[in-house]
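This report refers to the structure that appears directly beneath it.
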Amino acid sequence: MRKSQYPIICLHVIFLLAASCFLFEEKPQAVDGNVSIRLRFTVPAQADTLEALPVPGIPVRIYTEDYSIPELTEITDSSGFVRFDNLPYARYVVESHALIKISEFEEAEVVGAKALQLTADSLRGEMVYTDTLLMEQSKRGLKINEIYTAGPPNNIFYFYDQFMELYNGLSETVYLDGMIILRLGTSGLFADTLSVTYIYQFPGTPLSGRQYPVEPGQFVVIAGNAFDHNTIGPIAGKTVDLSNADWEFVNLQEANGYDNPNVPNITTNNGRVTQASKVDFLLGLTGDGLALCDGSDYDQTDGIDIRTVIDCVESSSSPTHIKEVPYSLDASFGGIGMQRYSGQSLERIRPGFDTNNSAVDFVVISKPTPGYHHE
Ligand SMILES: [Ca+2]
Ligand SMILES: [Ca+2]
Ligand SMILES: [Ca+2]
Ligand SMILES: [Ca+2]
1413 MRKSQYPIIC LHVIFLLAAS CFLFEEKPQA VDGNVSIRLR FTVPAQADTL
1463 EALPVPGIPV RIYTEDYSIP ELTEITDSSG FVRFDNLPYA RYVVESHALI
1513 KISEFEEAEV VGAKALQLTA DSLRGEMVYT DTLLMEQSKR GLKINEIYTA
1563 GPPNNIFYFY DQFMELYNGL SETVYLDGMI ILRLGTSGLF ADTLSVTYIY
1613 QFPGTPLSGR QYPVEPGQFV VIAGNAFDHN TIGPIAGKTV DLSNADWEFV
1663 NLQEANGYDN PNVPNITTNN GRVTQASKVD FLLGLTGDGL ALCDGSDYDQ
1713 TDGIDIRTVI DCVESSSSPT HIKEVPYSLD ASFGGIGMQR YSGQSLERIR
1763 PGFDTNNSAV DFVVISKPTP GYHHE
């Protein structure tokens, strides 16, 4: 018998989004365009053939924020095709997830997702956009699940409500002891060390420490500053309450830096990890590189060894952004179109879902979700 990565796919596709099939069964009358999207969903076939296998019978969602058009869902046919008609020119996100049986005992989650900008120019006169999406398998682990950096809607340049969120997608407990979080500089696409702008470390001993557990399915919120940012007058009601964050970034050399005594700290300039900057951990509002590493390499003067990386994400609001993070850690970047001072956040499509390709793995969401996942 030949080895196959997805041997019995046709029999064992399980719907994760079955509920959404029934919500929008009828085509909404508001959709009034004459463009069509026709997509084929496939998964990689055996290693010894080049041909991908179609994925039949899975729900495919499509949505746009350009118009108030309801989300649409269609099911792929027996050849993996799905088609949406009567659409206006707009930017769309197409997404599908499925659990696929990869052996008698094991299922893998796969996703196919794509952002499309349909204009008369991009379609070159055609009325049907056609493409094939290769669904990719998620790698389970402790992941950077959400990065909130844009700031709430405001005109006082407030963005100190930033946080990041981790998620444990494994079936066993992991420990944060001694792990480090990096804000990255430009490393180079084929580099084997990461260039570091900021370096912060959890307390405890890297690799062997067992003081700071993260249970399976648990979210971990790490606040820039762990207080209720709604207490700031001009942004009251528009931002996040981080007073119950799990952790707080503190630069021990920051003059008068905020430090909530009830929230434990992940620190820098602590006698172990050292950085030149005396400011708090802050990320670029609409793009940056961020890495979570196991802490076995904590000397950033010669860069951090990429073999110690647990997860790494590059983001940028600009579609013409030039990548700064090695391809082997993130094949692309997420966050295209994210606006500063919008309250938007960047979160994985599903909790912990990671194909090491942030354009596929992440979506821009309209408001941050500290400690939980967007709907
Ligand atoms: Ca802080
Ligand atoms: Ca604190
Ligand atoms: Ca990753
Ligand atoms: Ca979240």
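Numbering (the working numbering), first residue to last: 1413 to 1787.
In this text, a Cβ means the ideal position worked out from N, Cα and C, and glycines have one as well.
Nothing here was measured: the structure is a model prediction, and the numbers come from that model.
Which residues share a DSSP beta bridge with residue i?
i	result
M1576	I1559, I1634
H1509	V1523
T1680	N1663
P1482	DSSP lists no partner for P1482.
L1535	DSSP, once it has assigned bridges, lists no residue as partnering L1535.
F1569	Its beta-bridge partners do not exist; DSSP assigns none.
L1530	A1502
G1746	S1727
D1700	S1727
P1471	I1487
T1605	D1717
F1614	The partner list for F1614 (beta bridge, DSSP) is empty, contrary to what the question assumes.
L1588	None; L1588 has no bridge partner.
L1596	V1608
V1675	V1675 pairs with nothing; no bridge assigned.
D1653	D1640
T1454	P1466, L1546
F1493	R1452
Which whole-angstrom value describes the C-beta separation of residue i and residue j, a residue pair presumed to lie in contact below a C-beta threshold of 8 Å?
i	j	result
D1799	I1761	No statement about residue 1799 is possible, as the shown extent of the chain runs from 1413 to 1787 and does not include it.
R1552	L1582	6 Å
Y1670	F1639	7 Å
Q1796	Y1560	Only positions 1413 to 1787 of the chain appear in the structure, and residue 1796 is not among them; the question remains open.
N1769	S1728	About 14 Å; that fails the 8 Å criterion.
P1456	S1490	Between S1490 and P1456 the Cβ distance is about 19 Å, and since that is not below 8 Å, they are no contact.
T1720	D1711	Contact flag wrong, Cβ pair sits at about 11 Å.
E1521	K1513	Contact doesn't hold; Cβ gap of about 11 Å is too wide.
D1497	S1448	5 Å
I1470	T1488	5 Å
L1530	Y1739	The pair is not a contact, with the Cβ atoms about 28 Å apart (cut-off 8 Å).
P1782	L1654	7 Å
I1718	T1605	6 Å
Identify, in the order they occur along the chain, each residue of the same chain with its Cβ nearer than 6 Å to the Cβ of residue i, setting aside the five sequence neighbours on each side.
i	result
I1748	P1731
Q1630	N1580
Q1623	D1589, G1616
N1677	E1660, V1662
A1657	V1633, A1635, A1638, V1675
I1568	P1646
I1474	L1484, F1496, Y1504, V1506
V1775	I1761
What is the DSSP secondary structure of residue i, reduced to helix, strand or coil?
i	result
S1620	coil
T1643	helix
Q1549	strand
R1752	coil
K1757	As written in the sequence, residue 1757 is Ser, which differs from the Lys given in the question. Three-state result, S1757: strand.
D1711	coil
I1734	coil
R1719	helix
L1465	strand
V1772	helix
G1581	coil
F1765	coil
V1540	strand
S1448	strand
E1787	coil
P1625	strand
F1517	coil
D1706	coil
V1685	coil
L1695	coil
L1741	coil
Looking only at its chain, what residues have a beta carbon closer than 7 Å to the beta carbon of residue i, apart from the 5 residues adjacent to it on each side?
i	result
S1607	L1596, G1597, T1598, S1599, G1715
V1737	L1596, S1599, G1701, C1724, E1726
R1536	none
G1492	R1452, F1453, T1454, P1466, V1467, P1468
V1691	N1663, E1666
I1644	Y1570
T1614	Residue identity check: residue 1614 is Phe in the sequence provided, not Thr. Within the same chain, F1614 has close Cβ partners L1588, D1589, G1590, M1591, Y1624, I1678.
I1556	M1576, L1578, L1702, L1704, D1723, V1725
D1706	M1591, P1618, L1619, T1720, I1722
T1609	R1595, L1596, G1597
N1642	A1648, G1649, T1651, D1653
Excluding the five sequence neighbours on either side, which residues of its own chain have a C-beta within less than 8 Å of the C-beta of residue i, listed in chain order?
i	result
L1546	T1454, V1455, P1456, A1464, G1524
A1562	F1571, L1697, T1698, M1750, Q1751, R1752, Y1753, S1754, G1755, Q1756, S1757
V1626	L1554, L1578, N1580, T1585, V1586, Y1587, L1588, V1632
I1777	Q1756, S1757, L1758, E1759, H1786
I want to know whether the segment 1643-1650 touches the segment 1679-1687 - three or more CB-CB distances under 8 Å. no
Does the segment 1521-1532 come close enough to the segment 1496-1510 to have 3 or more Cβ pairs within less than 8 Å? yes
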